Amino acid sequence: KRIVEWLAKDFQTAEGVDLMKDKQALQRLTEAAEKAKMELSSTASTSISLPFITATADGPKHIDTSLTKAKFEELCDDLIARCKVPVQNALRDAKLELSDMDEVILVGGSTRIPAVRALVKELTGKEPNMSVNPDEVVALGAAVQAGVLGGEVSDIVLLDVTPLSLGLETLGGVMTKLIMRNTTLPTSKSEVFSTAADGQTSVEINVLQGEREFVKDNKSLGNFRLDGIPSAPRGVPQIEVKFDIDANGILSVSAADKGTGKVADIKITGASTLSEDEVEKMVKDAEAFASEDAAKRDAVDTKNSADSMCYQTEKQMTELGDKIPEDVKEKVNAKLADLRAAIEADDLEGMKTKQEALQQEVMAMGQAMYQGGDGGAPPGADAGAGAGPGAGAGAPDDVIDAEFSSDK
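Printed below as a string of structure tokens:
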């Protein structure tokens with residue numbers, strides 16, 4: 001394309017005719033440019049001759065010029081430089097150092113360009129392995145993978161990875177990631193979640209793929225519903241969600257209520273069908289909006305945490321009742337009202353400072369009760385107080401501080 005643009009620009013300067021608007025001339029330019037590019041892989045200069053490329057009132061016009069390897073590399077300099085980023089990203093994603101590489105195999109016809117090969121050597125410090133035809137590398141690799149999957153090849157292991165992170169929707173429209181991008185397949189990961197409302201008897205599992213922080217910015221792969229959860233206060237039910245991807249890239253997601261043993265699941269076969277361009281776009285979007293997404297995620301997490309603390313504090317005060325000294329109760333209620341007001345006003349900084357202030361009063365409440373000799377359970381020892389939803393009595397330490405909403 002760069003050679004075509006260069007030829008067309010020179011011709012327009014000399015003859016005043018734009019060949020880019022002439023489909024037939026453009027086709028001839030493209031064919032000549034492709035031929036020149038191939039010849040420059042093995043020669044220092046090539047001739048480009050296109051007689052009767054077009055005609056004007058002055059008669060037929062021709063192109064007869066030469067293109068040197070140096071000029072070609074100058075035309076493509078920025079394109080060649082762009083090759084650095086994918087190499088660096090691949091090493092970073094694979095958590096490898098340059099010293100970990102045994103061989104560098106080139107893929108695609110354009111890697112025959114001497115400047116590309118020179119760049120590879122500059123980046124890796126290794127001479128590219130030229131023993132495999134770059135036009136056939138992908139086909140050969142696919143054939144080996146087919147042999148592995150078919151059981152015909154057993155002495156080679158080809159490891160595939162997840163192109164994007166996988167997770168599910170939790171309270172506030174955020175995506176909670178379970179399997180991170182570039183995880184080697186097969187893989188499995190599970191986490192324990194809880195409910196977002198008192199008496200919630202079902203949860204909707206929305207399976208997501210992507211790198212952004214919010215559901216709306218990622219791709220939904222499918223959803224299913226787990227019903228029959230016993231009615232209980234928010235944060236008490238324990239729902240174990242498990243993501244499992246096999247060697248073929250098939251994703252299975254299940255949700256099991258630990259209390260009843262009830263299970264719901266879904267199998268997704270299209271989790272790896274995104275094109276390379278789509279995956280790259282999603283990754284670039286995540287990088288471009290990282291700061292903005294992080295700020296929004298912090299706002300949602302702060303509000304969820306503040307709301308949870310209010311709920312757990314109110315619940316604990318109700319349970320402890322008269323065991324709490326009146327002066328202590330008044331202080332806690334005052335801080336509780338301040339935090340509720342900050343939540344209502346959607347004041348992020350206010351929520352953070354008021355939550356901290358309430359936490360101090362809750363701790364003082366526990367201390368006062370022990371000093372009073374009542375022997376009651378201190379605040380924070382009951383179901384989830386100060387620990388966020390999902391950390392109910394007897395719950396394991398790995399219960400995730402995130403809730404499912406039943407509102408869909």
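The numbering of the sequence shown is UniProt numbering, which starts it at 1 and goes up by one. Don't be surprised by glycine CBs; every beta carbon is placed ideally from N, CA and C. No experiment lies behind these values; they were computed from the predicted model shown.
Quick check: the region 183-199 against the region 234-249, are there 3 or more CB pairs under 8 Å?
yes
Between the alpha carbons of Leu19 and Leu67, how many angstroms are there, rounded?
18 Å
Could you pull the start and end residues of the beta strand (DSSP E) that Asp327 belongs to?
Looking at the DSSP string, Asp327 is not in any beta strand (DSSP E); the run it does join, the alpha helix (DSSP H), is Glu326 to Glu344.
Residues in the same chain with beta-carbon distance under 6 Å from Ala341, minus the five sequence neighbours each way, listed in chain order, please.
none
Whole runs of the alpha helix (DSSP H) within the region 68-140, excluding any shorter than 4 residues:
69-75, 77-81, 84-93 and 114-124
Would DSSP call Met180 helix, strand or coil?
coil
Could you name the residues that DSSP lists as bridge partners for Ser60?
Per the sequence shown, residue 60 should be read as Pro rather than Ser. In the DSSP output, where bridge partners are listed per residue, Pro60 has Ala55.
For Glu34, collect the residues of the same chain with a Cβ closer than 6 Å to its Cβ; drop the 5 residues on either side in sequence, then sort them by chain order.
Cβ neighbours of Glu34 beyond the five flanking positions: none.
Between the Cα of Lys267 and the Cα atoms of Ser47, Gln371 and Asn223, which residue gives the shortest distance?
Asn223
Selected residue, minimal CA-CA separation from Leu336, among Leu348, Gln359 and Ala345
Gln359
Tell me where the alpha helix (DSSP H) around Glu320 begins and ends.
Note on identity: in this sequence residue 320 is Leu, with Glu being the wrong assignment. Segment Ala290 to Leu320, the alpha helix (DSSP H) holding Leu320.
Taking 7 Å as the cut-off, is the beta-carbon of Leu140 closer than that to any non-hydrogen atom of the ligand COA?
Questions concerning the ligand COA fall outside what the structure shown contains, since it holds no ligand whatsoever.
Is the CB-CB distance between Val161 and Val153 below 8 Å?
no
Within the continuous alpha helix (DSSP H) that includes Gln355, where are the two ends?
Leu348 to Gln371
Compute the beta-carbon to beta-carbon distance between Leu98 and Thr124, rounded to the nearest angstrom, for a pair I have assumed lies under 8 Å.
6 Å
Mind checking if Gln359 is an interface residue toward chain D, Cβ cutoff 8 Å exclusive?
Reference to chain D is not applicable here, since this structure consists of a single protein chain.
Assign Glu276 to buried or exposed, taking buried as 16 or more other Cβ atoms, counted over all protein chains shown, within 10 Å of its Cβ.
exposed
Tell me the residue span of the beta strand (DSSP E) that contains Lys262.
Looking at the DSSP string, Lys262 is not in any beta strand (DSSP E), and its letter there is neither H nor E.
Please report the residue range of the alpha helix (DSSP H) in which Lys35 lies.
Lys35 -> alpha helix (DSSP H) spans Lys23 to Glu39.
Helix or strand or just coil, what does DSSP make of Leu158?
Coil.
If I follow the unbroken beta strand (DSSP E) through Gln209, where does it start and stop?
Val203 to Gln209
When DSSP labels each residue in this structure, what does Ile250 get in the three-state scheme?
coil
C-alpha gap between Phe214 and Phe52, whole angstroms
58 Å
If you draw a straight line from the alpha carbon of Pro186 to that of Leu7, how long is it in whole angstroms?
51 Å
Please work out which residues of its chain come closer than 6 Å, Cβ to Cβ, to Met175, disregarding the five sequence neighbours upstream and downstream, and give them in chain order.
Gly167, Leu208, Val215 and Asn218
How about Lys258 and Glu240: do their beta carbons lie closer than 8 Å?
yes
How long is the line joining the alpha carbons of Asp155 and Asp301, rounded to whole angstroms?
Cα-Cα distance, rounded: 48 Å.
Inter-stretch contact at 8 Å, needing at least 3 Cβ pairs: the region 60-79 / the region 31-49:
Yes, since at least three Cβ pairs between the region 60-79 and the region 31-49 fall closer than 8 Å, the two stretches touch.
Backbone secondary structure at Val153 - three-state DSSP
coil
Using only alpha-carbon positions, find the residue among Gly199, Phe72, Arg212 and Ile205 that is nearest to Ala288.
Arg212
Determine contact between the region 111-131 and the region 73-88, defined as no fewer than three beta-carbon pairs at a distance below 8 Å.
yes
Expressed to the nearest angstrom, what Euclidean distance is found between the alpha-carbon atoms of Thr13 and Pro60?
16 Å
Name the one or two DSSP bridge partners that Ser47 has.
In DSSP, Ser47 forms a bridge with Ser66.
Classify Asp307 as buried or exposed, calling it buried when 16 or more other Cβ atoms lie within 10 Å of its own Cβ.
buried
Using CA atoms only, rank isn't needed, just tell me which of Asn129, Thr353, Glu169 and Ala368 is closest to Glu326.
Ala368
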